[in-house]
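Position one of the sequence shown corresponds to residue 160 (our numbering), numbered consecutively onward.
Yeah, the Cβ is synthetic: ideal placement off N, Cα and C, and Gly gets one too.
What you are looking at is a predicted structure, and each value in this text was computed from that prediction instead of being measured.
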Amino acid sequence: MPPLSKIKYSHEETVSAISGYFDFLAAMYLDEDAIQRPPEGGWPEITPDRLRGLGKTDKVVELLRHIPYLRGGEWCDQSEAEAAPSGIHFYNWIEAIRQVDHPDSNQEIGDPKIFTEPPEDWGLVPAHVVGLITTKQDLWLLDTELGVIYWVSGPGWICLQPTREPVLDDAYDIGESETDWRLDPSWAIVDFFELLKDAFRQLNSIPLTPTVVLDPKSVKLSGIREEALALVQTIYREHGWPDMARYRKNECLMVIRETLKERYGEECRQLFIDMDKW
Numbered sequence: 160m161p162p163l164s165k166i167k168y169s170h171e172e173t174v175s176a177i178s179g180y181f182d183f184l185a186a187m188y189l190d191e192d193a194i195q196r197p198p199e200g201g202w203p204e205i206t207p208d209r210l211r212g213l214g215k216t217d218k219v220v221e222l223l224r225h226i227p228y229l230r231g232g233e234w235c236d237q238s239e240a241e242a243a244p245s246g247i248h249f250y251n252w253i254e255a256i257r258q259v260d261h262p263d264s265n266q267e268i269g270d271p272k273i274f275t276e277p278p279e280d281w282g283l284v285p286a287h288v289v290g291l292i293t294t295k296q297d298l299w300l301l302d303t304e305l306g307v308i309y310w311v312s313g314p315g316w317i318c319l320q321p322t323r324e325p326v327l328d329d330a331y332d333i334g335e336s337e338t339d340w341r342l343d344p345s346w347a348i349v350d351f352f353e354l355l356k357d358a359f360r361q362l363n364s365i366p367l368t369p370t371v372v373l374d375p376k377s378v379k380l381s382g383i384r385e386e387a388l389a390l391v392q393t394i395y396r397e398h399g400w401p402d403m404a405r406y407r408k409n410e411c412l413m414v415i416r417e418t419l420k421e422r423y424g425e426e427c428r429q430l431f432i433d434m435d436k437w
């Protein structure tokens with residue numbers, strides 16, 4: 160396990176890790192146009208002055224200014240696509256700011272913290288830590304001082320048997336705020352996104368559509384789910400996955416769609432697929 164003292168935060172490496180992760184998802188199943196990429200120089204909406212009410216450091220603001228985001232629906236500040244194990248949706252800080260700026264909005268610039276930080280620790284998360292996702296279960300907290308990401312309440316099948324080594328030290332050892340989320344596992348930022356990629360490479364996280372991802376180890380395998388997920392795993396492998404040089408994305412997703420529709424019809428709703436949009 161890498162000791163915390165040996166890990167350093169790098170803005171460039173963090174931006175590259177997040178961008179590379181989205182590129183990986185797009186190569187596997189995500190629609191390319193689902194990714195919002197920053198213009199040269201970063202998102203003009205995100206500046207230290209504009210985000211002053213968020214209570215975060217300039218280092219956090221600089222990160223949010225330069226990373227890509229995943230599109231949500233209209234007036235939605237979370238990604239439409241599930242983009243990680245456990246049905247995780249990325250938080251879209253650009254859309255959140257645009258909502259605050261809308262003339263009919265009653266939101267404040269600090270409101271995103273409600274959705275991206277632990278509710279029991281709200282107000283205790285340090286200014287140099289920022290949340291990347293919004294879900295009902297887990298959270299990711301990226302620490303721009305320590306150079307790690309905490310997976311708060313993450314799935315046991317990943318956190319207890321990770322494919323990448325978590326950080327050895329506990330942040331309590333260096334005098335950080337005494338908050339419960341510091342007890343959750345953390346990884347060096349680059350390792351964290353490789354950990355997520357591994358879940359897809361091994362098909363422990365299985366995209367069924369460009370927006371729906373299921374984990375056999377996380378969902379209750381009732382009804383058609385166990386059979387359908389095993390079938391989809393086979394289809395991915397038949398189309399070259401996880402060998403990126405051989406993988407045929409468009410053909411694979413088309414076969415998955417046609418096979419599930421033909422075999423299960425309306426029962427695909429048990430797989431959390433919106434049949435009206437599919």
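1. Nearest-angstrom Cα distance between LEU223 and GLU276?
2. Within the chosen definition, does the stretch 182–198 reach the stretch 241–261 through at least 3 CB pairs nearer than 8 Å?
3. Taking ALA240 as the reference, which of VAL284, GLU279, ALA193, HIS225 has the closest Cα?
4. I believe ILE308 touches LEU300 by the beta-carbon criterion, under 8 Å. Please report the beta-carbon distance rounded to the nearest angstrom.
5. Check whether the stretch 346–360 touches the stretch 169–187, taking contact to mean three or more Cβ pairs, one atom from each stretch, closer than 8 Å.
6. In chain order, which continuous runs of the alpha helix (DSSP H) of length 4 or greater are located wholly inside the stretch 179–266?
7. Of all the options LEU419, ARG384, GLY399, THR368, which has the alpha carbon lying nearest to the alpha carbon of ALA242?
8. Could you check where the beta strand (DSSP E) with TYR309 kicks off and where it finishes?
9. May I ask which residues mark the beginning and end of the alpha helix (DSSP H) holding ASP350?
10. In angstroms, rounded to a whole number, what distance separates the CA positions of GLU324 and ILE317?
11. Which residue from GLN296, LEU229, ILE205 puts its Cα closest to that of LYS218?
12. Rounded to a whole number of angstroms, what is the C-alpha to C-alpha distance between LYS379 and ARG209?
13. For the beta strand (DSSP E) containing GLY424, name the first residue and the last one.
14. Between the Cα of SER340 and the Cα atoms of LEU354, GLY282, GLN361, GLY382, which residue gives the shortest distance?
15. Looking at ASP374: is its Cβ nearer than 7 Å to the Cβ of PRO162?
16. Measuring straight from C-alpha to C-alpha, what distance separates GLU425 and PRO344?
17. Taking DSSP as the reference, what is the three-state secondary structure of SER169?
18. How would you label LEU184, buried or exposed, when you count the other beta carbons within 10 angstroms and need 16 or more for buried?
19. Which term fits LEU213, buried or exposed, when burial requires 16 or more other beta carbons within 10 angstroms of its beta carbon?
20. Taking the beta strand (DSSP E) that GLY290 belongs to, which residues open and close that run?
21. Please report how far the alpha carbon of ASP433 lies from the alpha carbon of THR370, in whole angstroms.
22. Going by Cα to Cα distance, which pick from LYS167, LYS165, ILE166, TYR180 is closest to ALA358?
23. Going by the CB atoms, is the gap between ILE177 and ILE247 shorter than 7 Å?
24. Of the choices LYS408, HIS225, TRP202, whose alpha-carbon is the least far from that of LEU189?
25. Can you check which of these residues, GLY382, GLN320, HIS398, is closest to ASN363 by C-alpha distance?
26. Quick check on DSSP: helix, strand or coil for VAL372?
From the atom records:
1. Taking the first residue of the sequence shown as 1, we reach residue 223 at position 64. Taking the first residue of the sequence shown as 1, we reach residue 276 at position 117. Approximately 15 Å, taken between the alpha carbons.
2. yes
3. Numbered from 1 along the sequence shown, position 81 holds the residue referred to as residue 240. Per the Cα distances, ALA193.
4. Taking the first residue of the sequence shown as 1, we reach residue 308 at position 149. Taking the first residue of the sequence shown as 1, we reach residue 300 at position 141. Right, the Cβ-Cβ distance comes to about 7 Å (below 8 Å), so this counts as a contact.
5. yes
6. 217–225, 252–260
7. Taking the first residue of the sequence shown as 1, we reach residue 242 at position 83. Of the listed residues, the one whose Cα sits closest to ALA242 is THR368.
8. Walking along the sequence shown from the start, residue 309 turns up at place 150. Element bounds for TYR309: 307–311.
9. The residue given as residue 350 occupies position 191 in the sequence shown. Note, ASP350: alpha helix (DSSP H), 348–360.
10. Locating residue 324 in the sequence shown gives position 165, counting from the first residue. Locating residue 317 in the sequence shown gives position 158, counting from the first residue. Each residue's alpha carbon lies about 11 Å from the other.
11. To locate residue 218, count along the sequence shown from 1; it is residue 59. Closest by alpha carbon: ILE205.
12. Working through the sequence shown from its first residue, we reach residue 379 at position 220. Working through the sequence shown from its first residue, we reach residue 209 at position 50. When rounded, the distance between both Cα atoms is 44 Å.
13. To locate residue 424, count along the sequence shown from 1; it is residue 265. No beta strand (DSSP E) holds GLY424; DSSP gives it neither H nor E.
14. Position 181 of the sequence shown, counted from the start, is the residue given in the question as residue 340. Just to set this straight, residue 340 is Trp in the shown sequence, not Ser. Out of LEU354, GLY282, GLN361, GLY382, GLY282 has the C-alpha closest to the C-alpha of TRP340.
15. Translated into the one-based positions of the sequence shown, residue 374 becomes position 215. Translated into the one-based positions of the sequence shown, residue 162 becomes position 3. It is not a contact, given that the beta carbons lie outside the stated cut-off.
16. Position 266 of the sequence shown holds residue 425. Position 185 of the sequence shown holds residue 344. Each residue's Cα considered, the two are about 39 Å apart.
17. Position 10 of the sequence shown, counted from the start, is the residue given in the question as residue 169. The answer is coil: DSSP assigns SER169 none of H, G, I, E or B.
18. The residue you call residue 184 lines up with position 25 of the sequence shown. By the neighbour-count rule (16 or more Cβ atoms within 10 Å), LEU184 is buried.
19. By 1-based counting over the sequence shown, the position of residue 213 is 54. By the neighbour-count rule (16 or more Cβ atoms within 10 Å), LEU213 is buried.
20. Here residue 290 corresponds to residue number 131 of the sequence shown, with the count starting at 1. First-last of the beta strand (DSSP E) with GLY290: 288–290.
21. For the purposes of this step, residue 433 is identified with residue 274 of the sequence shown, where counting begins at 1. For the purposes of this step, residue 370 is identified with residue 211 of the sequence shown, where counting begins at 1. Rounded to the nearest angstrom, the two C-alpha atoms are 10 Å apart.
22. Residue numbering aside, residue 358 sits at position 199 when the sequence shown is read from its first letter. Comparing Cα positions, the closest option is TYR180.
23. Start at 1 with the first residue of the sequence shown, and residue 247 comes out as number 88. Start at 1 with the first residue of the sequence shown, and residue 177 comes out as number 18. No, the Cβ-Cβ distance between ILE247 and ILE177 is not below 7 Å.
24. Numbered from 1 along the sequence shown, position 30 holds the residue referred to as residue 189. Of the candidates LYS408, HIS225, TRP202, the one whose C-alpha sits nearest the C-alpha of LEU189 is LYS408.
25. In the sequence shown, residue 363 corresponds to position 204, counting from 1. Out of GLY382, GLN320, HIS398, GLN320 has the C-alpha closest to the C-alpha of ASN363.
26. Here residue 372 refers to the residue found at position 213 when the sequence shown is read from its first residue. Reduced to three states, the DSSP call for VAL372 is strand.
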